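Counting from 1, one number per residue, gives the positions in the sequence shown under this note's numbering.
Data first, discussion second: the structure below is written as C-alpha cells.
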Amino acid sequence: MSDDVQYPEIESAHFRRVLGHLPTGVTVVTGMTPDGPMGLAVGSFVSISLEPPLVGFFPTNSSSSWPGIKASGSFCVNILAADQEDVCRIFASKGEDKFASVEWSPSPETGSPLLAGAQSWVDCRIHSVTEAGDHDLCMGRVVQLEVAREDTLPLIFFKGGYGYPAVD
Numbered sequence: 001m002s003d004d005v006q007y008p009e010i011e012s013a014h015f016r017r018v019l020g021h022l023p024t025g026v027t028v029v030t031g032m033t034p035d036g037p038m039g040l041a042v043g044s045f046v047s048i049s050l051e052p053p054l055v056g057f058f059p060t061n062s063s064s065s066w067p068g069i070k071a072s073g074s075f076c077v078n079i080l081a082a083d084q085e086d087v088c089r090i091f092a093s094k095g096e097d098k099f100a101s102v103e104w105s106p107s108p109e110t111g112s113p114l115l116a117g118a119q120s121w122v123d124c125r126i127h128s129v130t131e132a133g134d135h136d137l138c139m140g141r142v143v144q145l146e147v148a149r150e151d152t153l154p155l156i157f158f159k160g161g162y163g164y165p166a167v168d
C-alpha cells in the first residue's frame, strides 16, 4: 500500500471494545532462555498452515519476556484450560519470577516449559518474526503438539473478561 493514503484516526479504546466482542482463546507462550524459563499471556494465537505445520502469535513490543523467548529460537504455546484463569493472570503480570508458583516441565523437543494443567500444547521452533505495528508476528514451525486434557474446555477471553458468552 502507498504511504500517501490517508486513514481515519481510530481511537484505541473503541478499537479494543469492538474487537473485544470476538472471543479469543487464552494461551501462555513459554521459552527456555539462559536466564531460565520465560512466559507471557497471549490472546492472539492462530493456526497458519497445515503444510508445513505453522502457527503464529503476536507479542507486544513492550513485553519484557518476548526478547528472551525470541532469542532462544523456540517456544511452546500452552493452551489454557477453563480452570486456569489464575495462571493467565500470573503470566499477564509484570512479575519477576512468573514460574515460582506454577508447576511445569520441559517439552520433549525444545525444552520450553509445558504448564501443568494446560488443555493442549504446541511446541515450535521460530520460523520467522515480522514487525506488525506495536506487535511482532512470530510464526513457528510446529515440532510436537498434544492434547493434554480431553476433560475440559479452553479458557477464553470475551468482552474484557474470562468465560463464555451467554447463549439466548
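Every residue gets a Cβ at the ideal spot worked out from N, C-alpha and C, and that includes glycine.
No experiment lies behind these values; they were computed from the predicted model shown.
Open item on the list: Applying the 10 Å Cβ sphere with the 16-neighbour rule, what's the burial state of Gln119?
Closed with: buried
- Task: Would you decide whether Ala81 is buried or exposed? Buried here means 16 or more other CB atoms lie within 10 Å of its CB.
- Result: buried
- Query: Nearest to Arg89 by alpha carbon, out of Pro108, Asp35, Leu155?
  - Reply: Leu155
Q.
Just to check my reading of the structure: Val102 and Val87 have Cβ atoms closer than 8 Å, yes? What is that Cβ distance to the nearest angstrom?
A. 6 Å
Q | Exposure label - Ala116; buried when at least 16 CB within 10 Å | A | exposed
Quiz item: So, Leu114 versus Gly56, is the Cβ gap smaller than 7 Å?
Solution: no
*Environment of Lys94 [buried if 16+ CB atoms lie within 10 Å]*: exposed
Would you mind reading off the limits of the beta strand (DSSP E) that contains Glu169?
-> A query on residue 169 cannot be resolved here, the shown segment of the chain reaching from 1 to 168 and no further.
* Taking just the CA atoms, how far does Val147 sit from Ser62? -> 31 Å
**Prompt:** Buried or exposed: where does Ser112 fall if 16 or more other Cβ atoms within 10 Å of its Cβ makes it buried?
**Reply:** buried
Item to check | Backbone CA spacing between Glu9 and Glu150 [nearest angstrom] | outcome: 44 Å
Self-check item: Coarse secondary structure for Leu19, derived from DSSP in three states
Solution: helix
ask   = Can at least three beta-carbon pairs, one atom from the region 33-42 and one from the region 65-79, be found at a separation below 8 Å?
value = yes
8 Å contact criterion, which Ser181 and Gln144 should meet: CB distance rounded: Look at the range of the chain in this structure, 1 to 168, and you will see that residue 181 is not part of it.
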